[in-house]
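Q: Here the sequence shown is numbered in this note's numbering, starting from 138 and rising by one per residue. In this text, a Cβ means the ideal position worked out from N, Cα and C, and glycines have one as well. Because the structure is a prediction, the values reported are computed rather than measured.
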Amino acid sequence: MKKVGIIGVGEYLPEKILTNADLEKMVETSDEWITTRTGIKERHIAAKTEATSDLATRAAREALKDADLKAEDIDLIIVATVTPDMQLPATACFVQANLGAKKAMCFDVSAACAGFIYAMTVAHQFIARGTCKNALIIGAEKLSSITDWQDRSTCVLFGDGAGAVVLGEVKSGGILSTYLGSDGHLTGLLNVPAGGSRQPFSKEVMEKRQNFIKMEGNEVFKIAVMSMAEAGQIALKKADLKCQDVNWIIPHQANLRIINAVSKRLGFANAQVYLNIEKCGNMSSASTATALVEAVKADKIKKGEVVMLVAFGAGLVWGSVIIKW
Ligand code: UT7
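1) Looking at the C-beta of L213, does it have a partner C-beta in chain D at a distance below 8 Å?
2) Beta-carbon separation of G425 and L446 under 8 Å?
3) Tell me, please, which residues DSSP counts as bridged to V444.
4) Report yes if the CB atom of G332 is closer than 8 Å to the CB atom of N419, and no otherwise.
5) If you follow the beta strand (DSSP E) that D245 is in, where does it begin and where does it stop?
6) Relative to the alpha-carbon of A227, which residue among I460, T189, K240 has its alpha-carbon at the smallest distance?
7) Taking 7 Å as the cut-off, is the C-beta of G369 nearer than that to any heavy atom in the ligand UT7?
8) Taking 6 Å as the limit between beta carbons, can you name the residues of its chain near M257, skipping five residues before and five after?
9) Any chance the CB of A366 is under 7 Å from a heavy atom of the ligand UT7?
10) Return yes when the C-beta of C417 is under 7 Å from any heavy atom of the ligand UT7, and no when it is not.
11) Can you give me the start and stop residues for the beta strand (DSSP E) that G145 sits inside?
12) Taking the continuous beta strand (DSSP E) assigned at D203, which residues delimit it?
13) Using DSSP's beta-bridge definition, name the partner residues of W455.
14) Which residue wins for smallest C-alpha separation from R390, given the options A376, L429, K374, L378?
15) In the DSSP assignment, what residue or residues form a beta bridge with I275?
16) Is it true that the CB of G176 sits closer than 8 Å to the CB of G217?
17) Take N392 and list the residues in its own chain whose beta-carbon comes closer than 6 Å to its own, dropping the five residues that flank it on each side.
18) Apart from the five residues on each side of it in sequence, which residues of its chain come closer than 7 Å, Cβ to Cβ, to E415?
19) What whole-angstrom Cβ distance do V357 and E278 have, given they're in contact under 8 Å?
20) Since W462 and K434 are thought to touch, with beta carbons under 8 Å apart, how far apart are those beta carbons, to the nearest angstrom?
21) In its own chain, which residues sit with a C-beta less than 6 Å from the C-beta of L150, not counting the 5 before and 5 after it?
22) Helix, strand or coil for Q323? Go by DSSP, reduced to three states.
23) Pick from M343, V141, T291: whose alpha carbon is nearest that of L326?
24) May I ask whether a heavy atom of the ligand UT7 can be found less than 7 Å away from the beta carbon of I144?
25) Tell me whether the beta-carbon of D212 lies closer than 8 Å to the beta-carbon of N157.
26) Excluding the 5 residues flanking I396 on each side, which residues of the same chain have their C-beta closer than 6 Å to its C-beta?
27) Once you ignore the five residues that flank S282 on each side, which residues in its own chain have a CB closer than 6 Å to its CB?
28) Starting from the C-beta of I215, find all residues in its chain whose C-beta is less than 8 Å away, skip the five residues before and the five after it, and write them out in chain order.
29) Any heavy atom of the ligand UT7 closer than 7 Å to the beta-carbon of A361?
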């Protein structure tokens, strides 16, 4: 098995920023409620003309440049998203065309907020076994397109953005362990009820606002804390490491209170947690991706340091990846 690591990173956040003050004018909420309950102050919102693949392509271009690779050097593109450009084809195919990555095989992974970790885990297998050499893994979301802007319990949470990494063979370090889990009995806690085969789009769907995200926030909160902490512990065990061996934890950025509870359970100090929730909100699969990219670009992660990615989302699904730099 080859060693697989991150050899380039990129990010794109749309220009438009929606602040808590802006939301106060849209629904009955307050900056105080949003800040204390979630840790979010603002989020980026894509333009009407921008699709998820446009965000993904911009992040991917930066990652390719950072890896010093050309589009033709990429033989696998995976886009993790719950907001694909279209029902079909895969958003990864649009990204391929935009980049001119002619030699790549392309598909999407649908694992909600854990999507980036699921996609990295899949790509890891391909590269470790020598099936692929260089893979572009992108977490990209235009959550604003499935957000109910009349529902204060969800619309204050989400944002748009994309983070990309190039995975390739490395001489030392790289991915030390991966762990993925799911519980399909809990699909009812967080979903977009309509727009798929069970309930295709109709006038009634639109009237009942069933084409937007619905979430049992409280229930999801409790399970998020438990399953992310457990995912981190299992990934540590698989890598034969202890929490003290890990320098950084980069968790899914759904809620600062969830992040604090998870990092405390795992035994991390606040200074070891990388956050972008305040400025980005919850961007589903793009959250872990952009937070990782930002930590790398800010030179936080030094050579030889160990990073834990951990995430949780609709499905329910969860997972963790441990990487040595
Ligand atoms: O990313 C994938 C996974 N997603 C998550 O992990 C999210 C998990 N859940 C959460 O982060 C939290 O549950 C939320 C941030 C969504 C909600 O926080 P909470 O502390 O669980 O609040 P709550 O739903 O229990 O609501 C408390 C109160 C309610 O009022 P009453 O019934 O106590 O009078 C809500 O109606 O806060 C009210 N409320 C709001 N008030 C002002 C709900 N949303 C708002 C709002 N502004 N935006």
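A: A quick look at the data gives this:
1) Protein chain content of the structure displayed is limited to a single chain, and chain D is not contained in it.
2) For the sequence presented, residue 425 should be read as Thr rather than Gly. Between T425 and L446, the C-beta spacing is below 8 Å.
3) Beta-bridge pairing links V444 to W385, I460.
4) no
5) 242-246
6) T189
7) No; taking the cut-off as 7 Å, the Cβ of G369 has no heavy atom of the ligand UT7 nearer than that.
8) I274, V458
9) Every heavy atom of the ligand UT7 is 7 Å or more from the Cβ of A366, so no.
10) no
11) 141-149
12) Segment 189-204 is the alpha helix (DSSP H) holding D203; no beta strand (DSSP E) there.
13) G318, F449
14) According to the sequence provided, residue 390 is Gln. The question's Arg does not apply to it. Among A376, L429, K374, L378, the Cα nearest to that of Q390 belongs to L429.
15) The beta-bridge partner set that DSSP reports for I275 consists of V216, A301.
16) Looking at the sequence provided, one finds Ala at residue 217 rather than Gly. Against a cut-off of 8 Å, the Cβ pair of G176 and A217 comes out as no contact.
17) Its chain contains T175 as the residues whose beta carbon lies nearer than 6 Å to that of N392, once the 5 sequence neighbours on both sides are disregarded; these appear in chain order.
18) G176, I177, K178
19) That pair is no contact at about 17 Å.
20) Not quite, the Cβ-Cβ distance comes to about 13 Å (not below 8 Å), so this is no contact.
21) H181, G298
22) One detail in the question is off: residue 323 reads as Leu in this sequence, not Gln. In this structure, L323 counts as helix in the three-state DSSP scheme.
23) Taking only the C-alpha atoms, the option nearest L326 is T291.
24) Checking every heavy atom of the ligand UT7 against the Cβ of I144, none is found closer than 7 Å.
25) Cβ distance not < 8 Å, so D212 and N157 don't count as in contact.
26) P388
27) Annotation for S282: T220 place their beta carbon closer than 6 Å to its own, counting only its chain and skipping 5 residues before and after.
28) A229, C243, F244, D245, V246, A256, V259, A260, A272, L273, I274, I275
29) At least one heavy atom of the ligand UT7 is nearer than 7 Å to the Cβ of A361, so yes.
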